[in-house]
Amino acid sequence: MESTRHIHENMRGSFRWKLYKDMLWKCVTATTIPEYRSAMEELKAFNNKAHSWLCKIPPLHWSRSHFSDRALFDYLMRHIVTVQKVIEKSEGLLTPNATKMLEANKKDAVHNHVQWNGEDRYSVTGRPSEPRVVDLGKKTCACRRWEITGMPCIHAVATIWFKATNGQRVGALESWSI
Numbered sequence: 003m004e005s006t007r008h009i010h011e012n013m014r015g016s017f018r019w020k021l022y023k024d025m026l027w028k029c030v031t032a033t034t035i036p037e038y039r040s041a042m043e044e045l046k047a048f049n050n051k052a053h054s055w056l057c058k059i060p061p062l063h064w065s066r067s068h069f070s071d072r073a074l075f076d077y078l079m080r081h082i083v084t085v086q087k088v089i090e091k092s093e094g095l096l097t098p099n100a101t102k103m104l105e106a107n108k109k110d111a112v113h114n115h116v117q118w119n120g121e122d123r124y125s126v127t128g129r130p131s132e133p134r135v136v137d138l139g140k141k142t143c144a145c146r147r148w149e150i151t152g153m154p155c156i157h158a159v160a161t162i163w164f165k166a167t168n169g170q171r172v173g174a175l176e177s178w179s180i
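Per the numbering used here: the sequence shown = residues 3 to 180.
See below:
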């Protein structure tokens, strides 16, 4: 998110407080359009001028909520090569950063309740978010973090554990990474 750094640098000229940076980051990291709109409304309520300034920049260029699910081919190929080099030096199936991310997701997944919705779909509720639908067959979640990061999100982890505790074979959690 190279352009995010530029947006923050430009924003710092008029809006210097850490709270603005935190609000900007909340808008940047929102993975769904409703989360993005909520974060923008929070910014607007705090400072309408900052909100108006940020609205002039199309979110397609800087907010995850507006990114396409498909990565650009050249970037993806370079990224694959870089990650492959790190994996070759790593123990286990994942890189150290991916392992850290999965461990954090496992810690947060404990607080979720899973209900089967039929076929490979499950409804996951927990704090503080609204219910999310996980489709294990497609390796997707309504929060979109699984598709964006390639790592099972907290909702997916909770769902995989749910299947395992109900006697279904799920394999290693690391094998669910995209």
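Ideal placement from N, C-alpha and C gives every residue a C-beta, glycine not left out.
From a predicted model like this one, the values you see are computed outputs, not experimental measurements.
- For residue 123, there is no enclosing alpha helix (DSSP H); the residue is part of the beta strand (DSSP E) that begins and ends at 123-128.
- Contact between residue 135 and residue 125 holds, since their C-beta atoms are separated by about 6 Å, short of 8 Å.
- Between residue 159 and residue 165, the C-beta gap is not smaller than 8 Å, which leaves the two residues out of contact.
- The beta-carbon separation of residue 41 and residue 29, rounded to 4 Å, stays under the 8 Å limit for a contact.
- Every unbroken stretch of the beta strand (DSSP E) spanning 3 or more residues and falling wholly within the segment 40-125 is given here in chain order: 114-120.
- The beta carbon of residue 176 sits closer than 6 Å to those of 95, 96, all from its chain and outside the five residues before and after it, given in chain order.
- The DSSP-derived three-state label of residue 147 is helix.
- As computed with DSSP, residue 142 is found in a beta bridge with 137.
- Nearest Cα to residue 38 within the set 60, 137, 117, 51: 60.
- In the structure shown, the three-state DSSP call for residue 156 is helix.
- In the DSSP assignment, residue 21 falls within the unbroken alpha helix (DSSP H) covering 20-31.
- Cβ contact annotation for residue 179 (same chain, cutoff 8 Å, sequence separation greater than five): 95, 96, 100, 104, 152, 153, 154, in chain order.
- Residue 34 carries a coil assignment under DSSP once its states are collapsed to helix, strand and coil.
- Distance between residue 109 and residue 63, taken at the CA atoms: about 32 Å.
- Residue 66 and residue 33 have their alpha carbons spaced roughly 5 Å apart.
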